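A.B. asks:
There are 2 protein chains.
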Amino acid sequence: MDFFFNPQGIALIGATANKLKGGYAIFKNLITGFKGGIYPVNPRYKEIDGIKCFKSVKDVPDPVDLAIIFVPGGYVPAIIKDCADRGIKGVMIEAGGFAESGDKGRKMQDELKAYAKKTGIRLWGPNCMGLVDAVHKKIFSFVTPVIWDELIPGDVSLIVQSGMLSGAFLIDCMSHKIMGISKVCSIGNKMDVNECEILEYLINDPDTKAIGLYLESINNGRRFMEICGTSTKPVVVLLGGKSAGGAAAALSHTASMAVNGAVASGAFAQAGVIEAMDFNEMMDICRSLAAYPDLNVSAAGRVAVLTYTGGAGIVSSDFIDKSGIELAQLSLSTKEKIKSVFPDWMPISNPVDLWPAVERNGADLAYGTAVKAVCEDPGVDAIFVHAFTGGFALNLDMEFLSGHAGRAGKPVFCWVIGTDDAVKKLKTEAIECSVPVFSEISRAVECMDKVFTRKKVLDYRSHDNSNEKQTAKENKNRHDAECLMAVENTGLSKESIDILKSNSGVLDENLSKKILLEYNIKTVKEYFAESPEDAEKIALNLGSKVVMKGIVQGKIHKTEAGLVRIGVNSKNEAIQVFNELKTAMDQKGKILIQEQIKGDMELIAGLMRDPQFGPCVMAGFGGIMAEVLNDSVFGVAPITHFQAIELIKRLKNQELMDGFRGTDPLDRKAFAEILVKLGRLGCDFPQIKEIDINPLIIYKGQPVAVDASVVLF
Amino acid sequence: MDFFFNPQGIALIGATANKLKGGYAIFKNLITGFKGGIYPVNPRYKEIDGIKCFKSVKDVPDPVDLAIIFVPGGYVPAIIKDCADRGIKGVMIEAGGFAESGDKGRKMQDELKAYAKKTGIRLWGPNCMGLVDAVHKKIFSFVTPVIWDELIPGDVSLIVQSGMLSGAFLIDCMSHKIMGISKVCSIGNKMDVNECEILEYLINDPDTKAIGLYLESINNGRRFMEICGTSTKPVVVLLGGKSAGGAAAALSHTASMAVNGAVASGAFAQAGVIEAMDFNEMMDICRSLAAYPDLNVSAAGRVAVLTYTGGAGIVSSDFIDKSGIELAQLSLSTKEKIKSVFPDWMPISNPVDLWPAVERNGADLAYGTAVKAVCEDPGVDAIFVHAFTGGFALNLDMEFLSGHAGRAGKPVFCWVIGTDDAVKKLKTEAIECSVPVFSEISRAVECMDKVFTRKKVLDYRSHDNSNEKQTAKENKNRHDAECLMAVENTGLSKESIDILKSNSGVLDENLSKKILLEYNIKTVKEYFAESPEDAEKIALNLGSKVVMKGIVQGKIHKTEAGLVRIGVNSKNEAIQVFNELKTAMDQKGKILIQEQIKGDMELIAGLMRDPQFGPCVMAGFGGIMAEVLNDSVFGVAPITHFQAIELIKRLKNQELMDGFRGTDPLDRKAFAEILVKLGRLGCDFPQIKEIDINPLIIYKGQPVAVDASVVLF
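Heads up: the sequence lines are chains C and F, in that order. Positions 25 to 737 (this note's numbering) are the ones given, in order, by the first sequence. Positions 25 to 737 (this note's numbering) are the ones given, in order, by the second sequence.
Listed below in structure tokens is the structure:
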């Protein structure tokens, strides 16, 4: 991929001397910043702005490894063939008119993709704005040359599946001194080069500390997750088109197929990716993570708030309260230190309202004393400073602040308002000092929270790596002890494998549960009854009340068909129910008799295959709760026990699992293990399309699969 | 109150020639803008900047009706006495050192408050920044004189219970061209003049179109609600200190007692107040409402999105999908009109991605054609335009846009990014054209949503007024028809009134339900059993299964005490259970036998008294759901039937009430009527402290009070 980012020479096909056209903007951007060879190609010109222009890419001299194409779509295929023949390694196609424009364009795009695969030439785009590298001033894009006035090198890189947005946001956020940028990669329709390859490149890019992606589709969800899941750099994703209206708009924009938002969110969380909802939000999170990619403080995120106005302190507290971080409890010694600059009557608490101290001692001493004190307090993990610029003698010494906090190893965040010029000046200083500054308290708190979320991801990763084997061992012992099965199975019996091979569609619940049981998922006790007398015998063996079901191969909806009877009295009803069910099935089908388990709660667990993310496990609340709570989460298989525990934590109604009204708390390890096993089944047997355990009844804290269906392709 | 806003003459006590002090800033601000008499008071000066200075307020000549005091707190009481003696009507105390500074300050504040009540002099503050009127350039505040460079008159007024914030935000939002301002009233500790009086003044102020309040406490919740509930102008509230940490900070900031956030939110919704969470958000909502205070389009809020970048269209769609507004379905004719500026291959859908049309025809024609088309489409209620400034030849013609949309009576909102200078220029134009412009898509969509929320409030209000009587009549008929009670009661029986008069604490559930029944709240059938034989007779009359309870006067927690037996078999268990319960109560107490109702769902309904809002009704989910969902809402009594219906709609889990798994949907009118009656009980009988109906069982859609307690003071 390096020839896209560091080419030796560039052929610009579609270069023009017409200053109103994109072909001139690209040319101008290239000659302003790029140090290698620049070869405009256009048969209508001998030269452009004094630089020799070539008739065809075939005439361009060595070295040339990158071509940028800015001509109408229909001309592109022939040019790409010329490029391949010339030995050019990569082509950026910035024009549109491909898959996003209808069937004809889609066909052309598909053919080019196949051509790239065959020849090895790499194609970037089409329908994109190319590449901007603000650190090395390489602008391989038609982005308006106004950009040169605003360029701020920085350490955040972006991958944007949209043309205009990448350019527009780049200009906006640099002009407003929101942040500097390393690279912006606009990837459009992603016909060949996609987000995964560029993401990998940026993770290894020494100029990049954090990466943000705006995506409308994910080409290979599993590959994307692998990259993010081991990334040493924070990754933030804004996935557009999650709603019905948004998905329709995405289809017409970059010809993207909708992603299942719930599955994607689960995959992101599992891989430690941080999700954003809006563009500025994504960039705000990125610059915060780039400033503090790794922290050496507690992941609890105990924040000291230093303000000049009580009202902002109160609102900050309200937002912190709703987030994953918390207000720090200042130590007595810290309070004593801060008290030295305050009038006597003022008690010190967090948030620290510095205004009385500023009035008495000036802003430098008041802020300085408080910053030093909280930096020294081991109970403080982060500092949130409120500043006003352009009046009230409140200007903040950004260098002092970042220096002190930096030496203490504590992240500092600023909220600033004031006059436009003074705010801009402070933001520029802040960019130099790598201190994230915000105009809204809510956003500042959100970004602090995300920095600590990233800290938790890193802590979690190291924990998962070191403990996974131990956990697996513990699980085995636990299962043995419970005599669920004498030996830990690593796969299915020959008989079950034959069933998977020789069937298609829905397996009946008894066969389905047999398969689950062989993967150590505890199922309800059940037997088929061959005759009414057999039914009575089985029922009496299973307890005073049993469940009886009529099983017809290939049908799932037994309840709706009236083939489920609950609470059958073993003593005197089993024979009658046997006959009734048989009649209801026209004497076909089989009669299954189950132990009746009255649980404390119903969960559901399952396996499905997602077009982007492959086999995924699902966990959620079942029964009545499923309809009421709509609370389920996804993970991408295979999933470790540790990841499954984390997955369960993402369910919203945690308190339901902790035991209420005197019931036992759910054995989370046992539930996690079921998810691990479902994931393994999905990975081990590609012929399984989906598995649905519903309900998974929780009895005395232990999950038991009471009904299940395995669906084959 | 008008002497605070339009004084004839102002005495400034604490005026100083020291340019670093607040007393000079106030003086400077007064002489720069105020046209009436200005009388500095300070015995140390003969004149300040050429204006005569007085020894005492007593020496100040007529006319003078307002005094501004900026001296340390301890000197304030004597000065106020002088002011009262001099016949001054209002005093603004801007200095701190009162209730927020401890017991001594609180005592002084209380004494001044009593003095104001006695003499009739009105006191504004203390611990505040006074008043800024940007339209008439009256700055009665120590806010830094930098404000004069930034002043933008506008139509939003603010009431801010914080000193620094009011000044700082005023400067920030004007300097950043976010909006113009009419009046900012900084009210600090609110010792005498409070938010209610100022709010009333601003509702009648011709220069104000929308009002925003930052509050840390509410002095008189019921009065505040009355004002907001009939306000012809939109009111937006940011209530700080809702969290535990925030409430602690509020106490030390303006000596404010915490408000029950859930009750306040319910009261706000009932009164049509729009809530904000952050400062900029509050101002963004205010300026949007000021631009479009009343709409003549459908309250559905069908939005047409015109963008230059598909990505922003997608993200807009995603946000609109999650909000209370929706994407418009463009008519065929609209699509035809827009299609005229597009290349042939481009299908038109909403959001409209104008980029291909801009490339072909330029921004003016592309945007112009689309704006005209959606303005003419009766299926479009609002227009969301995306703009980029400072490049790409995309500059938006704000006058054309606002003119066209204005004539069509459709609100238009802009999202704009681009270079700093160009964005600022566009924002300035937008302020002149009264078009709300935003830098974040999420905020723009939120503000559109709030404009339509306000529209719904106004629709709802007119509906409530016109239908309340009709609804009351219908209800009476319905109740009659159901034979709940032959006559509509307007109050309690003499017997029940005697019970309320002669008791205190908890009434037993039978007495409690008797009172509810007299207010037409349907209760479960129940009788006291005097003997075991009596118990058996009652049980048999009530059905095959009954509930038996041991009732001990003054105790509520019967279940925990083991005094509730469910599913008692009337035939053979009633006598035994009677004896067991008697034994468990040491032969004291009484035995109550109830019909056993197996309902589809449990709700709760109640009445409580809030320190700020008085008698409030509460509705929520009961039983297991209460613990799981944590879903309850409050309303302020008395509550109309229509308001009660709206209150029920604010419960999050609406689908639970619409009938699921084959159960009947809840009779919402019957549930609403219970809330109306609970509210009336609370208003009619001040001796009732609280009422708790739990559970209110829903059987075949009808609510029945199965257990209840009335608690007296």
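Every residue gets a Cβ at the ideal spot worked out from N, C-alpha and C, and that includes glycine. A quick note: this is a predicted structure, and the numbers were derived from the prediction, not measured.
(1) Do the CB positions of F/Ala158 and F/Val115 come within less than 9 angstroms of each other?
(2) Please name the residue or residues paired with C/Ile628 in a DSSP beta bridge.
(3) Which residues in the same chain have their Cβ closer than 6 angstroms to the Cβ of C/Ile575, if we skip the five residues on either side of it in sequence?
(4) Quick one: what's C/His410 bridged to in DSSP?
(5) Check the C-beta distance from C/Leu699 over to C/Ala650 and give it rounded, since I have them as a contact under 8 angstroms.
(6) In chain F, what lies closer than 8 angstroms to C/Lys346 by C-beta?
(7) Using 8 angstroms for Cβ pairs, my map puts F/Ile145 next to F/Cys107. What's the rounded Cβ distance?
(8) Contact defined as beta carbons within less than 8 angstroms: I believe C/Ile93 pairs with C/Phe58. What is the distance between those atoms, to the nearest angstrom?
(9) Would you list, in sequence order, the uninterrupted alpha helix (DSSP H) runs of no fewer than 4 residues that lie entirely inside the segment 523-610 of chain C?
(10) Could you check whether C/Phe193 and C/Phe303 sit closer than 9 angstroms to each other, using their CB atoms as the reference points?
(11) Applying a beta-carbon distance threshold of less than 8 angstroms, which residues of chain F neighbour C/Ala272?
(12) Does DSSP classify F/Glu118 as helix, strand or coil?
(13) Measure from the C-beta of F/Phe695 to each C-beta in chain C and report whether the shortest distance is under 9 angstroms.
(14) Do the segment 239-254 of chain C and the segment 172-191 of chain C touch if we need at least three Cβ pairs shorter than 8 angstroms?
(15) What is the rounded straight-line gap between the Cα of F/Asp86 and the Cα of F/Ile163?
(16) Of the residues that make up the segment 179-196 of chain F, which ones have a beta carbon closer than 8 angstroms to any beta carbon in chain C?
(17) At 7 angstroms on the CB atoms, spell out the chain C contacts of F/Tyr332, in chain order.
(18) Which chain D residues sit within Cβ distance under 9 angstroms of F/Ile539?
(19) Counting only C-beta atoms, is C/Phe412 closer than 9 angstroms to chain F at any point?
(20) Can you tell me the Cα-Cα spacing of F/Ile722 and F/Asp682, whole angstroms?
(21) Measuring alpha carbon to alpha carbon, tell me which residue in C/Thr143, C/Cys77 and C/Pro727 is nearest C/Ile740.
(22) What three-state label does DSSP hand C/Tyr238 in the structure shown?
(23) Under three-state DSSP, which class holds C/Arg68?
(24) For F/Tyr723, does the three-state DSSP call read helix, strand or coil?
(25) Are any of the Cβ atoms in chain F nearer than 9 angstroms to that of C/Asn718?
(26) Please report whether the beta-carbon of C/Ile465 lies at a distance below 9 angstroms from any beta-carbon of chain F.
(27) Taking C-alpha atoms, which residue in F/Ser190, F/His160 and F/Ile104 lies nearest to F/Lys141?
(28) Using 9 angstroms as the threshold, is the C-beta distance between C/Glu305 and F/Glu464 below it?
(29) Using CA coordinates, which residue listed in C/Pro435, C/His665 and C/Arg431 is at the minimum distance from C/His487?
(30) Could you spell out where the beta strand (DSSP E) holding F/Thr331 opens and where it closes?
(31) With H, G and I counted as helix, E and B as strand and the rest as coil, what does DSSP make of F/Phe737?
(32) Should F/Ala505 be flagged as near chain C, meaning a C-beta pair shorter than 9 angstroms?
(33) Would you grab the beta carbon distance between F/Ile50 and F/Phe166 for me? Rounded to a whole angstrom, and I think it's under 8 angstroms.
(34) Please list, in chain order, all residues of the same chain as F/Lys363 whose beta carbon is under 6 angstroms from its beta carbon, the five residues on each side excluded.
(35) Roughly how many angstroms separate the alpha carbons of C/Phe737 and F/Gly392, rounded to a whole number?
(36) F/Ala35 by DSSP, collapsed to three states: which one?
C.D. replies: Concretely, from the data shown:
(1) Inclusion of F/Ala158 and F/Val115 in the CB contact set at 9 angstroms is not warranted, their separation being larger than that value.
(2) Bridge partners of C/Ile628 according to DSSP: C/Gly644.
(3) The residues Asp532, Gly613, Lys614 and Leu616, in chain order, have a CB closer than 6 angstroms to that of C/Ile575 in the same chain once the five nearest residues on each side in sequence are set aside.
(4) Paired residue(s): C/Trp439.
(5) At roughly 17 angstroms, the Cβ-Cβ gap does not stay under 8 angstroms, so C/Leu699 and C/Ala650 are not in contact.
(6) Correct list: Ser267.
(7) Between F/Ile145 and F/Cys107 a beta carbon distance of about 7 angstroms is seen, short of the 8 angstroms cut, so the two are scored as contacting.
(8) Contact doesn't hold; Cβ gap of about 17 angstroms is too wide.
(9) You should have 533-542, 556-566 and 598-608.
(10) It is a contact, given that the beta carbons lie within the stated cut-off.
(11) Near C/Ala272 (Cβ distances below 8 angstroms), the residues of chain F are Ser341 and Ser373.
(12) Reduced to three states, the DSSP call for F/Glu118 is coil.
(13) Not one chain C Cβ lies under 9 angstroms of F/Phe695.
(14) Cβ pair count under 8 angstroms is three or more, so yes.
(15) C-alpha separation (whole angstroms): 21 angstroms.
(16) Residues of the segment 179-196 of chain F that bring their beta carbon within less than 8 angstroms of a beta carbon in chain C comprise Val184, Gln185, Ser186, Gly187, Met188, Leu189, Gly191, Ala192, Phe193, Ile195 and Asp196, in sequence order.
(17) Chain C residues near F/Tyr332: Met188.
(18) Absent from the structure: chain D. Protein chains present are C and F.
(19) Chain F contact via Cβ: present.
(20) Distance from the CA of F/Ile722 to the CA of F/Asp682, rounded to the nearest whole angstrom, comes to 12 angstroms.
(21) An answer regarding residue 740 of chain C cannot be provided, because it is not within the stretch 25 to 737 covered by chain C.
(22) It is a strand residue.
(23) In the three-state DSSP reduction, C/Arg68 falls in the coil class, being neither helix nor strand.
(24) Note: F/Tyr723 maps to strand in three-state DSSP.
(25) Cβ-Cβ to chain F under 9 angstroms: no for C/Asn718.
(26) A Cβ of chain F is located within less than 9 angstroms of the beta carbon of C/Ile465.
(27) The shortest C-alpha to C-alpha distance from F/Lys141 to any of F/Ser190, F/His160 and F/Ile104 is the one to F/Ile104.
(28) The Cβ atoms of C/Glu305 and F/Glu464 lie closer than 9 angstroms to each other.
(29) Of C/Pro435, C/His665 and C/Arg431, the residue nearest in Cα terms is C/His665.
(30) Residues Arg326 to Thr331.
(31) Reduced to three states, the DSSP call for F/Phe737 is coil.
(32) Per-residue confidence for F/Ala505 stands at a pLDDT of 37, beneath the threshold of 50, marking its modelled position as unreliable; no derived number is given.
(33) About 5 angstroms separates the two Cβ atoms, so the contact holds.
(34) Ile372, listed in sequence order.
(35) Put simply, the backbone Cα of C/Phe737 is about 53 angstroms away from that of F/Gly392.
(36) DSSP, reduced to helix, strand and coil, places F/Ala35 within a strand of the structure shown.
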